[in-house]
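For the sequence shown, our numbering gives the first residue as 1, with consecutive numbering after it. Report on the following structure.
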Amino acid sequence: QALLPVAQELGLVSVPIGEEGHLHLESFGLEGGRTKSLRQSRSRLLRQGLTFEFWEAPHSPHQLNLLSAVSQGWLAAKRFRESRFGLGWFDRDYLEQCSVAVVRDAREKVQAFASCFYPASGNAVGLDLLRHLPSAPTGIMDLLVVELALHHQECGYRMLNLGLSPLASEVSASGWTHHSLAAARRVLQTLVPYNFGGLRRFKNKFRPEWQPRYMLLPRRRDLIPAALMAWSVEPRLSGLWLNP
1 QALLPVAQEL GLVSVPIGEE GHLHLESFGL EGGRTKSLRQ SRSRLLRQGL TFEFWEAPHS
61 PHQLNLLSAV SQGWLAAKRF RESRFGLGWF DRDYLEQCSV AVVRDAREKV QAFASCFYPA
121 SGNAVGLDLL RHLPSAPTGI MDLLVVELAL HHQECGYRML NLGLSPLASE VSASGWTHHS
181 LAAARRVLQT LVPYNFGGLR RFKNKFRPEW QPRYMLLPRR RDLIPAALMA WSVEPRLSGL
241 WLNP
């Protein structure tokens, strides 16, 4: 959080938007009691004939259609439209240029996928869009992320960015009252009716290191307009977020 004092000197205030989960691949493994549930889910699904594939970009129209079918099924089950606050969303032109991890069932039907991005550092990979069919077997996302982590571990990557856990209540903000932050979270929860708590619990299975992320604002009354802005802009514009 070394940049926060600099921002304060510039007259800016920091508003927490969530926490980012970093999974250190050098020490990641499935041995021991802490990863028992992940290990069991993986073994069970592999016995059922599920397989992991990693698709390098660019993708064919047929591949994108397969991903689109999964995405549409996921959205229909959740009963809400695409969100853009701290989450990836389905965009064919964007996904065509992304590496994608997929899980197929025994009949080779794509049941789940995750798109990836690669920061300029060169030793990390990030998760963007995570989707699965409503009929997919329980634990399929555990399998997908585990296989993705192991794949990049073998390729020499050091960190898997599990992405932002938006509106994390554990993060505090300098210069903001508890009631102000609660109001901002209520606004965003209304605009984005997504189970962010469930998302965080899922990511916690992998025991990541959580790092706070902030939005910088010139004055406190800009909080609600900023919340509206955060909902409408693309979260892939990483310059909006302060990574301390």
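Just so it is clear, CB atoms sit at the ideal spot from N, CA and C, and this is done for glycine as well.
*Helix, strand or coil: how does DSSP classify residue 213 here?*
DSSP places residue 213 in strand when its eight states are reduced to three.
*Report yes if the C-beta distance between residue 53 and residue 104 is below 8 Å; otherwise report no.*
For residue 53 and residue 104, yes; Cβs fall inside 8 Å.
*Which whole-angstrom value describes the C-beta separation of residue 162 and residue 203, a residue pair presumed to lie in contact below a C-beta threshold of 8 Å?*
5 Å
*Return yes when the Cβ of residue 213 is within less than 8 Å of the Cβ of residue 21, no when it is not.*
Judged by their CB atoms, residue 21 and residue 213 are not nearer to each other than the 8 Å cut-off.
_Rounded distance between the beta-carbons of residue 125 and residue 94, thought under 8 Å_ = Approximately 16 Å separates the beta-carbon atoms of residue 94 and residue 125; this is outside 8 Å, ruling out the contact.
_Only counting the same chain, and skipping five residues up and downstream in sequence, which positions put a Cβ closer than 7 Å to that of residue 49?_
105, 106
_Which of the three DSSP states is assigned to residue 58 in this structure?_
coil
*Could I get the ranges of all uninterrupted alpha helix (DSSP H) runs contained in the stretch 71-148, with 4 residues as the minimum, in chain order?*
As for any alpha helix (DSSP H) of minimum length 4 sitting wholly inside the stretch 71-148, the runs are 92-95, ordered along the chain.
*Can you tell me which of the three DSSP states residue 10 falls into?*
coil
*Inspect the CB distances between the stretch 3-10 and the stretch 132-139 and report whether three or more fall short of 8 Å.*
no
_Does residue 19 come out as helix, strand or coil in the three-state DSSP assignment?_
The answer is strand: DSSP assigns residue 19 an E or B state.
*Below 7 Å CB to CB, which residues in the same chain sit around residue 38 once its five sequence neighbours on both sides are set aside?*
Cβ neighbours of residue 38 within its own chain (closer than 7 Å, five residues either side excluded): 30, 142, 146, 205.
*Go through its chain and collect everything with a Cβ distance to residue 242's Cβ below 8 Å, but skip five positions before and after it.*
Bear in mind that the predicted position of residue 242 carries a pLDDT of just 40, short of 50, making it unreliable; the figure below should be weighed with that in mind. Taking residue 242 as the centre and dropping the five residues before and after it, the same chain places the C-beta of 3, 4, 7, 14, 213, 214, 215, 216 closer than 8 Å to its C-beta, in chain order.
_Coarse secondary structure for residue 31, derived from DSSP in three states_ = coil
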